[in-house]
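Single-structure report; data block below.
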Amino acid sequence: MAINVVALLVALVAGSIPFSWLLGYFRYGVDLRTVGDHHVGSGNLLRVGGMPAVLAATVLDLLKGAAAVAIATAITSDEWVVITAGVLVVVGHVFPPWLSFKGGRGAAPAIGVAWALFPLAGLAMLGVGLVALLTMRRTVPAIAAAVVALVVVAYFADGDLSRLLFSVLLFISAGVKDVIDRLLARRAGG
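Sequential numbering from 55 applies to the sequence shown in the numbering used here.
Encoded structure:
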(Lines of atoms letter the chains of each structure in order from A and count residues from 1; the text may use other names and numbers.)
(Lines give C-alpha, C1' and ligand atoms only; values in the text may rest on other atoms or scores of the structure.)
Protein backbone atom coordinates (compact mmCIF):
# COMPACT_ATOMS: atom_id res chain seq x y z
CA MET A 1 0.00 0.00 0.00
CA ALA A 2 2.73 2.50 0.94
CA ILE A 3 4.64 1.73 -2.26
CA ASN A 4 1.50 2.57 -4.25
CA VAL A 5 1.34 5.97 -2.56
CA VAL A 6 5.00 6.53 -3.46
CA ALA A 7 4.27 5.72 -7.11
CA LEU A 8 1.40 8.20 -7.14
CA LEU A 9 3.41 10.95 -5.46
CA VAL A 10 6.29 10.44 -7.89
CA ALA A 11 3.84 10.79 -10.78
CA LEU A 12 2.33 13.99 -9.39
CA VAL A 13 5.69 15.61 -8.64
CA ALA A 14 7.20 14.56 -11.99
CA GLY A 15 4.16 15.96 -13.76
CA SER A 16 4.57 19.30 -12.04
CA ILE A 17 8.01 19.93 -13.54
CA PRO A 18 7.26 22.67 -16.13
CA PHE A 19 9.86 21.91 -18.80
CA SER A 20 8.55 24.46 -21.32
CA TRP A 21 8.57 27.22 -18.72
CA LEU A 22 12.02 26.19 -17.45
CA LEU A 23 13.47 26.27 -20.97
CA GLY A 24 11.82 29.60 -21.73
CA TYR A 25 13.00 31.15 -18.49
CA PHE A 26 16.51 29.78 -18.13
CA ARG A 27 17.50 29.41 -21.80
CA TYR A 28 15.79 32.47 -23.29
CA GLY A 29 15.22 34.68 -20.23
CA VAL A 30 11.46 34.83 -20.84
CA ASP A 31 8.64 33.96 -18.45
CA LEU A 32 6.15 32.32 -20.83
CA ARG A 33 3.29 33.56 -18.67
CA THR A 34 4.06 37.12 -19.83
CA VAL A 35 4.09 36.63 -23.61
CA GLY A 36 1.88 35.27 -26.39
CA ASP A 37 -1.17 33.44 -25.08
CA HIS A 38 0.27 33.49 -21.52
CA HIS A 39 0.29 29.68 -21.32
CA VAL A 40 3.42 27.84 -20.24
CA GLY A 41 3.12 25.17 -22.90
CA SER A 42 4.98 24.33 -26.08
CA GLY A 43 2.81 26.55 -28.28
CA ASN A 44 4.04 29.61 -26.44
CA LEU A 45 7.60 28.26 -26.23
CA LEU A 46 7.56 28.04 -30.04
CA ARG A 47 7.15 31.83 -30.18
CA VAL A 48 10.08 32.37 -27.82
CA GLY A 49 12.60 29.65 -28.64
CA GLY A 50 11.58 28.13 -31.95
CA MET A 51 11.23 24.51 -32.96
CA PRO A 52 14.41 23.19 -31.23
CA ALA A 53 13.15 24.41 -27.86
CA VAL A 54 9.69 22.95 -28.50
CA LEU A 55 11.14 19.58 -29.47
CA ALA A 56 13.30 19.50 -26.32
CA ALA A 57 10.40 20.42 -24.02
CA THR A 58 8.05 18.01 -25.78
CA VAL A 59 10.46 15.10 -25.45
CA LEU A 60 10.93 15.85 -21.75
CA ASP A 61 7.16 16.09 -21.20
CA LEU A 62 6.58 12.85 -23.13
CA LEU A 63 9.22 11.11 -21.05
CA LYS A 64 7.75 12.27 -17.74
CA GLY A 65 4.36 10.86 -18.78
CA ALA A 66 5.87 7.56 -19.87
CA ALA A 67 8.14 7.39 -16.81
CA ALA A 68 5.23 7.84 -14.39
CA VAL A 69 3.44 4.84 -15.88
CA ALA A 70 6.64 2.79 -16.19
CA ILE A 71 7.57 3.42 -12.55
CA ALA A 72 4.08 2.55 -11.34
CA THR A 73 4.06 -0.59 -13.49
CA ALA A 74 7.47 -1.63 -12.13
CA ILE A 75 6.48 -1.35 -8.48
CA THR A 76 2.90 -2.60 -8.49
CA SER A 77 0.64 -4.94 -10.41
CA ASP A 78 -2.42 -2.91 -9.45
CA GLU A 79 -3.88 -1.59 -12.71
CA TRP A 80 -5.72 1.20 -10.89
CA VAL A 81 -2.47 2.54 -9.44
CA VAL A 82 -0.90 2.52 -12.91
CA ILE A 83 -3.89 4.34 -14.43
CA THR A 84 -4.02 6.81 -11.53
CA ALA A 85 -0.30 7.52 -11.94
CA GLY A 86 -1.07 8.36 -15.58
CA VAL A 87 -3.80 10.76 -14.50
CA LEU A 88 -1.65 12.36 -11.79
CA VAL A 89 1.31 13.06 -14.07
CA VAL A 90 -1.07 15.01 -16.32
CA VAL A 91 -2.72 16.75 -13.34
CA GLY A 92 0.72 17.78 -12.07
CA HIS A 93 1.55 19.19 -15.51
CA VAL A 94 -1.70 21.15 -15.76
CA PHE A 95 -1.63 22.43 -12.16
CA PRO A 96 2.02 22.81 -11.06
CA PRO A 97 2.25 24.39 -7.60
CA TRP A 98 5.51 26.14 -8.61
CA LEU A 99 3.60 28.26 -11.17
CA SER A 100 0.52 29.13 -9.09
CA PHE A 101 -1.25 26.01 -10.42
CA LYS A 102 -1.25 27.37 -14.00
CA GLY A 103 0.56 24.90 -16.21
CA GLY A 104 0.38 23.51 -19.70
CA ARG A 105 -2.55 21.79 -21.37
CA GLY A 106 -1.29 18.29 -20.53
CA ALA A 107 -1.21 16.85 -24.04
CA ALA A 108 2.50 15.91 -24.14
CA PRO A 109 2.54 13.99 -20.85
CA ALA A 110 -0.78 12.38 -21.87
CA ILE A 111 0.91 11.19 -25.06
CA GLY A 112 3.75 9.82 -22.91
CA VAL A 113 1.22 7.98 -20.74
CA ALA A 114 -0.42 6.48 -23.82
CA TRP A 115 3.01 5.54 -25.19
CA ALA A 116 3.79 3.62 -22.00
CA LEU A 117 0.38 1.90 -22.02
CA PHE A 118 0.56 1.03 -25.75
CA PRO A 119 4.22 0.85 -26.83
CA LEU A 120 3.59 0.00 -30.50
CA ALA A 121 0.74 2.48 -30.89
CA GLY A 122 2.78 4.99 -28.92
CA LEU A 123 5.59 4.81 -31.47
CA ALA A 124 3.11 5.35 -34.31
CA MET A 125 1.56 8.21 -32.38
CA LEU A 126 4.95 9.83 -31.74
CA GLY A 127 5.94 9.51 -35.39
CA VAL A 128 2.68 10.92 -36.74
CA GLY A 129 2.65 13.70 -34.13
CA LEU A 130 6.24 14.68 -34.85
CA VAL A 131 5.72 14.77 -38.62
CA ALA A 132 2.54 16.80 -38.13
CA LEU A 133 4.30 19.23 -35.78
CA LEU A 134 7.24 19.72 -38.14
CA THR A 135 5.03 20.23 -41.20
CA MET A 136 2.16 22.25 -39.70
CA ARG A 137 4.19 24.00 -37.00
CA ARG A 138 1.07 24.05 -34.82
CA THR A 139 0.66 22.01 -31.68
CA VAL A 140 -3.10 21.40 -31.63
CA PRO A 141 -3.37 19.78 -35.10
CA ALA A 142 -0.24 17.74 -34.34
CA ILE A 143 -1.81 16.45 -31.13
CA ALA A 144 -5.04 15.60 -32.96
CA ALA A 145 -3.12 13.64 -35.61
CA ALA A 146 -1.19 11.81 -32.88
CA VAL A 147 -4.39 10.83 -31.06
CA VAL A 148 -5.95 9.47 -34.27
CA ALA A 149 -2.80 7.38 -34.84
CA LEU A 150 -2.99 6.11 -31.25
CA VAL A 151 -6.62 5.06 -31.53
CA VAL A 152 -6.23 3.30 -34.88
CA VAL A 153 -3.04 1.41 -34.08
CA ALA A 154 -3.93 0.58 -30.46
CA TYR A 155 -7.35 -0.72 -31.47
CA PHE A 156 -5.98 -3.08 -34.10
CA ALA A 157 -2.66 -4.01 -32.47
CA ASP A 158 -3.52 -4.16 -28.78
CA GLY A 159 -7.26 -4.48 -28.35
CA ASP A 160 -7.27 -3.38 -24.68
CA LEU A 161 -10.32 -1.16 -24.98
CA SER A 162 -10.35 -0.03 -21.34
CA ARG A 163 -6.82 1.37 -21.57
CA LEU A 164 -7.60 2.86 -24.97
CA LEU A 165 -10.72 4.58 -23.63
CA PHE A 166 -8.70 5.89 -20.69
CA SER A 167 -6.07 7.32 -23.06
CA VAL A 168 -8.66 9.04 -25.24
CA LEU A 169 -10.39 10.51 -22.16
CA LEU A 170 -7.03 11.79 -20.95
CA PHE A 171 -6.59 13.70 -24.22
CA ILE A 172 -10.13 15.06 -24.05
CA SER A 173 -9.47 16.31 -20.52
CA ALA A 174 -6.34 18.07 -21.78
CA GLY A 175 -8.56 19.95 -24.23
CA VAL A 176 -11.11 20.80 -21.53
CA LYS A 177 -8.49 22.87 -19.68
CA ASP A 178 -8.67 25.52 -22.42
CA VAL A 179 -12.46 25.69 -22.12
CA ILE A 180 -12.22 26.14 -18.35
CA ASP A 181 -9.53 28.83 -18.75
CA ARG A 182 -11.73 30.76 -21.22
CA LEU A 183 -14.77 30.52 -18.93
CA LEU A 184 -12.77 31.75 -15.94
CA ALA A 185 -11.29 34.62 -17.97
CA ARG A 186 -14.76 35.62 -19.19
CA ARG A 187 -16.13 35.50 -15.65
CA ALA A 188 -13.25 37.60 -14.27
CA GLY A 189 -13.58 40.10 -17.13
CA GLY A 190 -17.24 40.79 -16.65
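Every residue gets a Cβ at the ideal spot worked out from N, C-alpha and C, and that includes glycine.
All values derive from a computational prediction rather than experimental measurement.
Positions of the beta strand (DSSP E) runs, each at least 3 residues long and wholly inside the region 70-129, cannot be given because no such run exists. Of Thr138, Arg191, Asn58 and Ala203, the smallest CA-CA separation from Ile129 is found for Asn58. Distance check between Gly104 and each of Met179, Ala121, Val84 and Ile125 places Val84 closest, using alpha-carbon atoms only. Where Gly183 is concerned, the enclosing alpha helix (DSSP H) starts and stops at Pro173 to Met190. By alpha-carbon distance to Ala161, the top candidate from Arg81, Thr127, Ala124 and Ala199 is Ala199. Leu117 is the residue among Val145, Leu117, Tyr209 and Phe155 whose C-alpha sits nearest the C-alpha of Trp169. Sorting Ala56, Trp75 and Thr88 by C-alpha distance to the C-alpha of Val148 places Trp75 at the top. Its Cα nearest to that of Leu204, the residue Ala178 stands out among Ala178, Leu188, Thr193 and Arg192.
Looking from the CA of Ser70, the closest CA among Glu133, Leu100 and Ala139 belongs to Ala139. Just so you know, the alpha carbons of Arg192 and Tyr79 end up roughly 21 Å apart. Around the beta carbon of Gly158, 16 or more other beta carbons sit within 10 angstroms, so the residue counts as buried.
In terms of Cβ geometry, Pro195 and Ala186 form a close pair [threshold 8 Å]. By alpha-carbon distance to Thr112, the top candidate from Ala56, Ala124, Ala122 and Pro163 is Pro163. Spanning the alpha carbons of Val123 and Val141 requires a straight line of approximately 9 Å.
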